[in-house]
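Undergrad:
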Amino acid sequence: MRWTPHATVACIVEQQGRFLFVEEIAGGRRVINQPAGHLEQGESFVEAARREALEETGWIVEPEALLGLYTYYAPSNGVTYHRYCFIARAVEQLPDAQLDTGIIGPLWLTRTEIEARRPELRSDLVIRCIDDYLRGIRYPLDFIQENA
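Here the sequence shown stands for residues 1 to 148, numbered as in the UniProt record's numbering.
(1) Once the 5 residues before and after Ile127 are set aside, which same chain residues still bring their CB inside 8 Å of it?
(2) If I'm right that Cys11 touches Val61 with Cβ under 8 Å, what's the distance once you round it to whole angstroms?
(3) Relative to the alpha-carbon of Pro106, which residue among Arg135, Phe21, Arg83 has its alpha-carbon at the smallest distance?
(4) DSSP three-state label for Pro119, please.
(5) Can you give me the C-alpha to C-alpha distance between residue 163 and Leu125, rounded to a whole angstrom?
(6) When you compare the CB positions of Pro75 and Leu141, do they come within less than 9 Å of one another, or not?
(7) What is the C-beta distance between Leu99 and Phe86, in whole angstroms, given that I count them as a contact (C-beta under 8 Å)?
(8) Please find out if some non-hydrogen atom of the ligand PLP comes closer than 8 Å to the beta-carbon of Thr71.
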(Lines of atoms letter the chains of each structure in order from A; the text may use other names.)
(Lines give C-alpha, C1' and ligand atoms only; values in the text may rest on other atoms or scores of the structure.)
Protein backbone atom coordinates (compact mmCIF):
# COMPACT_ATOMS: atom_id res chain seq x y z
CA MET A 1 0.00 0.00 0.00
CA ARG A 2 1.34 3.39 -0.98
CA TRP A 3 1.66 6.15 1.64
CA THR A 4 -0.49 9.14 0.69
CA PRO A 5 -0.49 12.32 2.78
CA HIS A 6 -3.65 14.43 2.91
CA ALA A 7 -3.43 17.94 1.41
CA THR A 8 -5.18 20.48 3.63
CA VAL A 9 -5.54 24.24 3.98
CA ALA A 10 -6.09 26.51 6.97
CA CYS A 11 -6.54 30.25 7.49
CA ILE A 12 -5.24 32.61 10.12
CA VAL A 13 -7.73 35.49 10.23
CA GLU A 14 -7.02 38.24 12.77
CA GLN A 15 -9.09 41.30 13.64
CA GLN A 16 -8.23 43.65 16.50
CA GLY A 17 -6.17 41.04 18.33
CA ARG A 18 -8.72 38.23 17.97
CA PHE A 19 -8.40 35.20 15.72
CA LEU A 20 -11.18 33.45 13.84
CA PHE A 21 -11.66 29.86 15.00
CA VAL A 22 -14.09 27.05 14.43
CA GLU A 23 -15.64 25.09 17.24
CA GLU A 24 -16.56 21.64 15.97
CA ILE A 25 -17.07 18.01 16.83
CA ALA A 26 -14.21 15.80 15.61
CA GLY A 27 -13.50 12.26 16.69
CA GLY A 28 -16.42 12.45 19.10
CA ARG A 29 -15.11 15.44 21.02
CA ARG A 30 -15.56 19.21 20.95
CA VAL A 31 -12.44 20.87 19.48
CA ILE A 32 -11.19 24.25 18.30
CA ASN A 33 -9.34 24.73 15.01
CA GLN A 34 -8.58 27.37 12.46
CA PRO A 35 -10.98 27.29 9.52
CA ALA A 36 -9.43 24.34 7.72
CA GLY A 37 -10.11 21.36 5.52
CA HIS A 38 -9.11 19.21 2.60
CA LEU A 39 -8.19 20.32 -0.87
CA GLU A 40 -10.74 19.13 -3.43
CA GLN A 41 -9.90 17.84 -6.90
CA GLY A 42 -9.36 20.64 -9.44
CA GLU A 43 -9.22 23.32 -6.73
CA SER A 44 -6.27 25.61 -6.07
CA PHE A 45 -4.95 25.96 -2.52
CA VAL A 46 -6.19 29.57 -2.33
CA GLU A 47 -9.65 28.57 -3.58
CA ALA A 48 -9.77 25.79 -0.99
CA ALA A 49 -8.84 28.23 1.78
CA ARG A 50 -11.66 30.60 0.78
CA ARG A 51 -14.18 27.75 0.52
CA GLU A 52 -13.26 26.09 3.81
CA ALA A 53 -13.43 29.38 5.74
CA LEU A 54 -16.90 30.08 4.35
CA GLU A 55 -18.20 26.54 4.91
CA GLU A 56 -16.93 26.40 8.48
CA THR A 57 -17.44 29.96 9.75
CA GLY A 58 -19.83 31.77 7.41
CA TRP A 59 -17.10 34.35 6.76
CA ILE A 60 -15.89 35.38 3.31
CA VAL A 61 -12.11 35.71 3.63
CA GLU A 62 -9.41 36.76 1.21
CA PRO A 63 -6.01 35.06 1.51
CA GLU A 64 -3.24 37.66 1.36
CA ALA A 65 -0.11 35.67 2.22
CA LEU A 66 1.15 32.18 2.89
CA LEU A 67 2.16 31.58 6.50
CA GLY A 68 3.83 28.27 5.82
CA LEU A 69 3.67 24.61 4.89
CA TYR A 70 3.28 22.26 7.84
CA THR A 71 3.36 18.51 8.27
CA TYR A 72 1.36 16.86 11.03
CA TYR A 73 1.07 13.17 11.86
CA ALA A 74 -2.21 12.44 13.65
CA PRO A 75 -1.73 9.55 16.06
CA SER A 76 -5.51 9.20 16.40
CA ASN A 77 -5.95 8.00 12.81
CA GLY A 78 -2.42 7.38 11.51
CA VAL A 79 -2.79 10.02 8.77
CA THR A 80 -0.12 12.54 7.80
CA TYR A 81 -1.49 15.95 6.87
CA HIS A 82 0.32 18.53 4.73
CA ARG A 83 -1.18 21.88 5.70
CA TYR A 84 -0.92 25.02 3.60
CA CYS A 85 -1.64 27.75 6.12
CA PHE A 86 -2.73 31.13 4.80
CA ILE A 87 -3.04 34.56 6.34
CA ALA A 88 -6.41 35.94 5.28
CA ARG A 89 -8.41 39.12 5.72
CA ALA A 90 -12.01 38.92 6.91
CA VAL A 91 -14.23 40.47 4.24
CA GLU A 92 -17.81 39.82 5.31
CA GLN A 93 -19.84 37.49 7.49
CA LEU A 94 -22.85 35.91 5.80
CA PRO A 95 -25.49 35.74 8.54
CA ASP A 96 -27.50 32.92 6.94
CA ALA A 97 -24.54 30.79 5.79
CA GLN A 98 -25.06 27.03 6.02
CA LEU A 99 -22.11 25.60 7.98
CA ASP A 100 -20.64 22.13 7.45
CA THR A 101 -21.95 19.17 9.42
CA GLY A 102 -20.26 18.92 12.81
CA ILE A 103 -19.55 22.64 13.05
CA ILE A 104 -20.83 24.28 16.22
CA GLY A 105 -19.89 27.76 15.06
CA PRO A 106 -17.22 30.42 14.69
CA LEU A 107 -15.31 31.94 17.61
CA TRP A 108 -13.07 35.00 17.85
CA LEU A 109 -10.35 34.37 20.46
CA THR A 110 -7.25 36.20 21.66
CA ARG A 111 -3.90 34.40 21.94
CA THR A 112 -4.39 34.29 25.72
CA GLU A 113 -7.85 32.74 25.37
CA ILE A 114 -6.46 30.18 22.92
CA GLU A 115 -3.76 29.20 25.42
CA ALA A 116 -6.36 28.79 28.16
CA ARG A 117 -8.25 26.37 25.91
CA ARG A 118 -5.17 24.40 24.77
CA PRO A 119 -6.68 20.99 25.72
CA GLU A 120 -9.50 21.70 23.25
CA LEU A 121 -7.22 22.40 20.27
CA ARG A 122 -7.65 19.94 17.42
CA SER A 123 -3.87 19.62 17.06
CA ASP A 124 -0.62 21.29 18.07
CA LEU A 125 -0.58 22.99 14.65
CA VAL A 126 -3.32 25.36 15.81
CA ILE A 127 -1.17 27.21 18.33
CA ARG A 128 2.01 26.81 16.26
CA CYS A 129 0.43 28.62 13.31
CA ILE A 130 -0.82 31.46 15.55
CA ASP A 131 2.63 31.86 17.05
CA ASP A 132 4.30 31.84 13.62
CA TYR A 133 1.83 34.53 12.51
CA LEU A 134 2.63 36.62 15.61
CA ARG A 135 6.37 36.24 14.84
CA GLY A 136 5.70 37.95 11.50
CA ILE A 137 6.31 35.03 9.16
CA ARG A 138 4.86 35.78 5.71
CA TYR A 139 5.42 34.49 2.16
CA PRO A 140 3.83 35.89 -1.00
CA LEU A 141 0.98 33.87 -2.47
CA ASP A 142 2.94 33.37 -5.69
CA PHE A 143 5.32 31.20 -3.64
CA ILE A 144 2.79 28.47 -4.54
CA GLN A 145 3.05 27.50 -8.20
CA GLU A 146 -0.10 25.79 -9.48
CA ASN A 147 -1.21 24.86 -12.97
CA ALA A 148 -3.71 27.34 -14.35
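Even for Gly, the Cβ is constructed at its ideal location relative to N, Cα and C.
TA: Taking the structure as given:
(1) Closer than 8 Å at the Cβ level, and outside the excluded window around Ile127, lie Ile114, Glu115, Arg118, Leu121.
(2) 6 Å
(3) Phe21
(4) helix
(5) The structure shown has nothing for residue 163, since the chain only spans 1 to 148.
(6) For the 9 Å CB-CB criterion, Pro75 and Leu141 do not form a contact.
(7) That belief does not hold up - the Cβ atoms of Leu99 and Phe86 are roughly 20 Å apart, past 8 Å.
(8) You won't find the ligand PLP in this model; it holds no ligand whatsoever.
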